[in-house]
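Taking it in order: structure first as structure tokens, then the write-up.
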Amino acid sequence: MKSSFKRYVIGKPLRSDALGEQKLSKTKALAILSSDALSSVAYGPEQILLVLMTVSTVAFWYSLPIAAGVVVLLVALTLSYRQVIFAYPHGGGAYVVSRENLGVNAGLVAGGSLLVDYILTVAVSVSAGTDAITSAFPSLHAYNVPIAVFFVICLTLLNLRGVTESASVLAYPVYLFVVVMLMLIGLGIYNVATGQVPAELHPKIGTPVAGISLFLLLKAFASGSSALTGVEAISNAIPNFKSPAPNNAAKTLLAMGSILAVLFIGIVGLAYFYGVVPNAQATVVSQIAEASVGRNVFYYIVQGTTAMILVLAANTGYSAFPLLAVNLSRDGFIPRIFQIRGDRLGYSNGIMMLGLAAIVLIVLFDGATEHLIPLYAVGVFIPFTLAQTGMMRKWWREKPNGWVTKFAINTIGAAISFVVAMMFFVTKLPQVWPVFIFLPMIIWMFHRIKQHYNAVGEQLRLNGEALPIVDGNVFIVPVAGITKVVENSLHYVQSLNVEKIIAFYVAFDQADAKAFEEKWKAWQPDIRLVTYYSPYRSITQPLKKFIDKVEHQHAKTGYQVTVVIPQFLPKKGWHHMLHNQSSLLIRTSLLFHKNVVIMTVPFHLSK
1 MKSSFKRYVI GKPLRSDALG EQKLSKTKAL AILSSDALSS VAYGPEQILL VLMTVSTVAF
61 WYSLPIAAGV VVLLVALTLS YRQVIFAYPH GGGAYVVSRE NLGVNAGLVA GGSLLVDYIL
121 TVAVSVSAGT DAITSAFPSL HAYNVPIAVF FVICLTLLNL RGVTESASVL AYPVYLFVVV
181 MLMLIGLGIY NVATGQVPAE LHPKIGTPVA GISLFLLLKA FASGSSALTG VEAISNAIPN
241 FKSPAPNNAA KTLLAMGSIL AVLFIGIVGL AYFYGVVPNA QATVVSQIAE ASVGRNVFYY
301 IVQGTTAMIL VLAANTGYSA FPLLAVNLSR DGFIPRIFQI RGDRLGYSNG IMMLGLAAIV
361 LIVLFDGATE HLIPLYAVGV FIPFTLAQTG MMRKWWREKP NGWVTKFAIN TIGAAISFVV
421 AMMFFVTKLP QVWPVFIFLP MIIWMFHRIK QHYNAVGEQL RLNGEALPIV DGNVFIVPVA
481 GITKVVENSL HYVQSLNVEK IIAFYVAFDQ ADAKAFEEKW KAWQPDIRLV TYYSPYRSIT
541 QPLKKFIDKV EHQHAKTGYQ VTVVIPQFLP KKGWHHMLHN QSSLLIRTSL LFHKNVVIMT
601 VPFHLSK
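Residues in the sequence shown are numbered consecutively from 1, following the working numbering.
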């Protein structure tokens, strides 16, 4: 039943040689890997206006040069990550670039930041999309958390079904959003060009603004740069592309950058011409749509596609997180389970871990994750800065053909990314201070895991040392009574022609111990029985003490102690909960007992 349900939800397992069929075309990759970046046009322009509004609405004309600056940074990042794609075609993005060129710790800072950022991507995007839905239907507001959790579960299951299947489903809403936004921008430009937008709605460009400062403009620029989150996702996910993967990934990156630039400039420009002022009741995009066409069908289509893209932005995390985890796992910094492909050839452990972590965040913050956005943004610009600095060092060290131009692109991107990151730290410290705690903790954890894997490898590696000499075996068989299960185990041990077999029985009262010894002597007179009285009704502690005693007695003879655990297995799975599972308890307690071999002899029940 469990297997059938899994097949129904996730689908039939795919053969390993079908991996090529799970690769993404450029159109599908653009949809699932750019949804995070494209969704940011729904809130990036608003972030600029919110900062400028603290001075005056007259300062809104500054949004145009600020938006141009954001696009310059976008161009630098796009060209930089295009170079990363060709320089590191196996994926890994900022983590691999930083590790290879700036050292292991720089790589771990970038990798750790991005892992956390992808979790925040899912939590923040789904929560924002849920808010858009419950704003349209206020009666659902009390169910924000359950709705958000439901969306995360749906996205998780969809991605567990495979990369191509999730892309096939999610491509339509993403492209619909792009088309609708382009139509909205086109309508707005037409209205402005034909004089249907009064000039008094917006301040004249160049109007002096009292109280404006370079610091405030940089703060607005940093806030608007939050629209660039997700730009690095394609460089992490190169292995998901069809061959030739680097070329297809680079073309997809350029397409994403171009679309994002057009949408961002378009929304900021229309917000300026329409004189849009951010408020809690309506988003900037909502006000532009209402000013352009009124509250008609197209307005609700704009709102609906915006809500969809905010939810689907989470899918960028599902595409990039597992592949980044694979790179960290291959280097030994996170558990190796992240390298395992699931039934549908996706890295299912990474997908499930991401979904679970996002659900925990949503529940902890009661679905109100908007104050995590600064932390989310700074978690992107730290890897941006490190990746481009790493590329600068690479070009400087290797000096390939055309390296000066490449070096200049990365230098500009690194400088702007560093300024943005610093502005977040300076202006958003109350929101971003946790980065100073969790990032060092994550890096410490990475190193501890790496030390463990190194220690395990050192101990498992063949080094020519002679193994301990084993002259014989002492078999200890814990028994709970005189049953077919015990008889089956004793018969198996006797078939091995061992020298010493000891049956071990734990009694909870003295009378029971004597009665059992008499029964045993009549049933198995040739097998030694040892009984222990346990006044505190423990089974494992007396057994451990007896094993220690046997080991001490045979320490000089070279005998190996083997514990044979009798266990009966019910016919149906649910029957297990009806039994006390003492065999499992004994086996678990002895797993960490050195120099003891543990064997289980199952006895299968037929009904």
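Glycine residues also receive a C-beta, built at the ideal position from the N, C-alpha and C atoms.
Exercise. Which of the three DSSP states, helix, strand or coil, is assigned to Asn454?
Worked result: Sequence index remark: in the sequence shown, residue 454 carries index 454 (1-based). If DSSP states are grouped into helix, strand and coil, Asn454 belongs with the helices.
Exercise. Between Tyr43 and Ala320, is the Cβ-Cβ spacing less than 9 Å?
Worked result: Taking the first residue of the sequence shown as 1, we reach residue 43 at position 43. Taking the first residue of the sequence shown as 1, we reach residue 320 at position 320. No, they are not a contact pair.
For this session: Would you mind stating whether His90 and Pro239 have Cβ atoms separated by less than 9 Å?
Result: Here residue 90 corresponds to residue number 90 of the sequence shown, with the count starting at 1. Here residue 239 corresponds to residue number 239 of the sequence shown, with the count starting at 1. Taking 9 Å as the Cβ cut-off, His90 and Pro239 qualify as a contacting pair.
For this session: Please report how far the alpha carbon of Leu361 lies from the alpha carbon of Ala123, in whole angstroms.
Result: Here the question's residue 361 lines up with position 361 in the sequence shown. Here the question's residue 123 lines up with position 123 in the sequence shown. Between Leu361 and Ala123, the C-alpha separation is close to 6 Å.
For this session: Please state whether DSSP places Gln560 in a helix, a strand or coil.
Result: The sequence position of residue 560 within the sequence shown is 560, counting from 1. Here Gln560 sits in strand by DSSP.
Exercise. Nearest-angstrom Cα distance between Tyr272 and Ile301?
Worked result: Here residue 272 refers to the residue found at position 272 when the sequence shown is read from its first residue. Here residue 301 refers to the residue found at position 301 when the sequence shown is read from its first residue. Distance between the alpha carbons of Tyr272 and Ile301: 23 Å.
Problem set entry | Buried versus exposed call for Phe384 [16 or more other C-beta atoms within 10 Å across all chains shown] | Walking along the sequence shown from the start, residue 384 turns up at place 384. When all chains shown are included, Phe384 counts as buried.
Exercise. Under a three-way DSSP split, which group does Gln567 fall into?
Worked result: Locating residue 567 in the sequence shown gives position 567, where the first residue counts as 1. Residue state, collapsed to three classes: strand.
Exercise. So which of Lys519, Leu79, Lys26 and Ile189 has the shortest CA-CA distance to Thr483?
Worked result: Taking the first residue of the sequence shown as 1, we reach residue 483 at position 483. Checked all of Lys519, Leu79, Lys26 and Ile189; the closest Cα to Thr483 is Lys519.
Exercise. What does Arg587 pair with, by DSSP beta-bridge criteria?
Worked result: If you number the sequence shown from 1, residue 587 lands on position 587. BP columns for Arg587 are empty, so no partner.
Problem set entry | N-terminal and C-terminal residue of the alpha helix (DSSP H) that Met53 is part of | Position 53 of the sequence shown, counted from the start, is the residue given in the question as residue 53. Looking at the DSSP string, Met53 is not in any alpha helix (DSSP H), and its letter there is neither H nor E.
Problem set entry | Rounded straight-line distance, which links the Cα of Thr252 to that of Ala29 | What you label residue 29 is simply residue 29 of the sequence shown in a count that begins at 1. What you label residue 252 is simply residue 252 of the sequence shown in a count that begins at 1. Those two C-alpha atoms are separated by around 7 Å.
For this session: Can you have a look at Gly266 and say buried or exposed, based on whether 16 or more other CB atoms are within 10 angstroms of its CB?
Result: Taking the sequence shown and counting its residues from 1, one reaches residue 266 at position 266. It counts as buried.
Exercise. Start and end of the alpha helix (DSSP H) containing Met423?
Worked result: Residue 423 sits at position 423 when you count from the first residue of the sequence shown. Met423 -> alpha helix (DSSP H) spans Trp403 to Thr427.
Problem set entry | Through-space distance from Arg99 to Thr134, alpha-carbon basis | In the sequence shown, residue 134 corresponds to position 134, counting from 1. In the sequence shown, residue 99 corresponds to position 99, counting from 1. Taking the straight line from one Cα to the other gives about 43 Å.
Exercise. Below 9 Å between beta carbons: does that hold for Val550 and Val597?
Worked result: The count along the sequence shown starts at 1 and reaches residue 550 at position 550. The count along the sequence shown starts at 1 and reaches residue 597 at position 597. It is not a contact, given that the beta carbons lie outside the stated cut-off.
For this session: Identify whether Met1 lies in helix, strand or coil by the three-state DSSP scheme.
Result: Within the sequence shown, numbered from 1, the residue matching residue 1 stands at position 1. Legend: pLDDT at Met1 = 45, less than 50; position of this residue unreliable, no value from coordinates given.
Exercise. Could you give the residue range of the beta strand (DSSP E) that holds Ala503?
Worked result: Here residue 503 refers to the residue found at position 503 of the sequence shown. Note, Ala503: beta strand (DSSP E), Lys500 to Ala507.
For this session: Round the Cβ separation of Phe424 and Ala250 to the nearest angstrom and send it over; I've been treating them as touching at under 8 Å.
Result: As a working mapping, residue 424 is identified with position 424 in the sequence shown. As a working mapping, residue 250 is identified with position 250 in the sequence shown. Going by Cβ atoms, the distance from Phe424 to Ala250 rounds to 29 Å, so no, they are not a contact pair.
Problem set entry | Beta-carbon proximity check, Val601 vs Gln567, cutoff 9 Å | The count along the sequence shown starts at 1 and reaches residue 601 at position 601. The count along the sequence shown starts at 1 and reaches residue 567 at position 567. Yes; because the gap between Cβ atoms is below 9 Å, this pair is in contact.
Exercise. So, helix, strand or coil for Leu24, using DSSP?
Worked result: Translated into positions along the sequence shown, residue 24 becomes position 24. In this structure, Leu24 counts as strand in the three-state DSSP scheme.
Exercise. In the DSSP assignment, what are the bridge partners of Gly472?
Worked result: Residue 472 sits at position 472 when you count from the first residue of the sequence shown. Partner(s): Tyr559.
For this session: May I have the straight-line CA-CA distance separating Pro434 from Ile382, to the nearest angstrom?
Result: Walking along the sequence shown from the start, residue 434 turns up at place 434. Walking along the sequence shown from the start, residue 382 turns up at place 382. Spanning the two alpha carbons is a distance of roughly 14 Å.
Exercise. What are the boundary residues of the beta strand (DSSP E) that includes Tyr532?
Worked result: Position 532 of the sequence shown holds residue 532. Start and end: Arg528 to Tyr533.
Problem set entry | Reference Arg161; option with closest CA among Ala76, Gly346, Pro138 and Val285 | The count along the sequence shown starts at 1 and reaches residue 161 at position 161. For the residues Ala76, Gly346, Pro138 and Val285, the minimum Cα distance to Arg161 belongs to Gly346.
Exercise. In terms of residues, what are the limits of the alpha helix (DSSP H) holding Ile288?
Worked result: As a first step, residue 288 must be located in the sequence shown, where it is residue number 288. Taken as a continuous stretch (DSSP letters only), the alpha helix (DSSP H) holding Ile288 covers Val284 to Val293.
For this session: Give the single residue among Asn159, Ile359 and Leu170 whose Cα lies nearest to the Cα of Glu34.
Result: What you label residue 34 is simply residue 34 of the sequence shown in a count that begins at 1. Inspection of the sequence shows that residue 34 is occupied by Ser rather than by Glu. Closest by alpha carbon: Leu170.
Exercise. Near Ala261, what residues of its chain come up, given a Cβ to Cβ distance below 7 Å and the 5 sequence neighbours on each side ignored?
Worked result: For the purposes of this step, residue 261 is taken as residue 261 along the sequence shown, with counting starting at 1. Contacts found: Val71 and Leu74.
For this session: Could you tell me whether the Cβ atoms of Glu46 and Thr283 are closer together than 9 Å?
Result: In the sequence shown, counting from the first residue as 1, residue 46 sits at position 46. In the sequence shown, counting from the first residue as 1, residue 283 sits at position 283. For Glu46 and Thr283, yes; Cβs fall inside 9 Å.
Exercise. Whole-angstrom Cβ separation of Ser125 and Val285, contact assumed at under 8 Å?
Worked result: The residue you call residue 125 lines up with position 125 of the sequence shown. The residue you call residue 285 lines up with position 285 of the sequence shown. So it is not a contact: roughly 16 Å between Cβ atoms.
Exercise. For Phe241, does the three-state DSSP call read helix, strand or coil?
Worked result: Within the sequence shown, numbered from 1, the residue matching residue 241 stands at position 241. In the structure shown, Phe241 sits in a strand (DSSP, three-state: E or B).
Exercise. Between Ser57 and the rest of its own chain, which residues show a CB-CB distance below 8 Å, the 5 nearest in sequence each way excluded?
Worked result: As a first step, residue 57 is located in the sequence shown; it is residue number 57 there, counting from the start. With the sequence shown as reference, residue 57 is identified as Thr, and Ser is not the correct amino acid for it. Closer than 8 Å at the Cβ level, and outside the excluded window around Thr57, lie Pro203, Gly275 and Val277.
Problem set entry | Cβ-Cβ distance between Ser213 and Leu50 below 9 Å | Numbered from its first residue, the sequence shown carries residue 213 at position 213. Numbered from its first residue, the sequence shown carries residue 50 at position 50. No. Outside cutoff.
Problem set entry | Any 3 or more C-beta pairs closer than 8 Å across the region 406-420 and the region 434-451 | no
Problem set entry | Start-end ranges of the alpha helix (DSSP H) lying completely within the region 74-142, minimum 4 residues | 93-102 and 104-136
For this session: Report yes if the C-beta distance between Phe603 and Leu569 is below 9 Å; otherwise report no.
Result: For this step, residue 603 is matched to residue 603 along the sequence shown. For this step, residue 569 is matched to residue 569 along the sequence shown. In this structure, Leu569 lies closer than 9 Å to Phe603 by Cβ.
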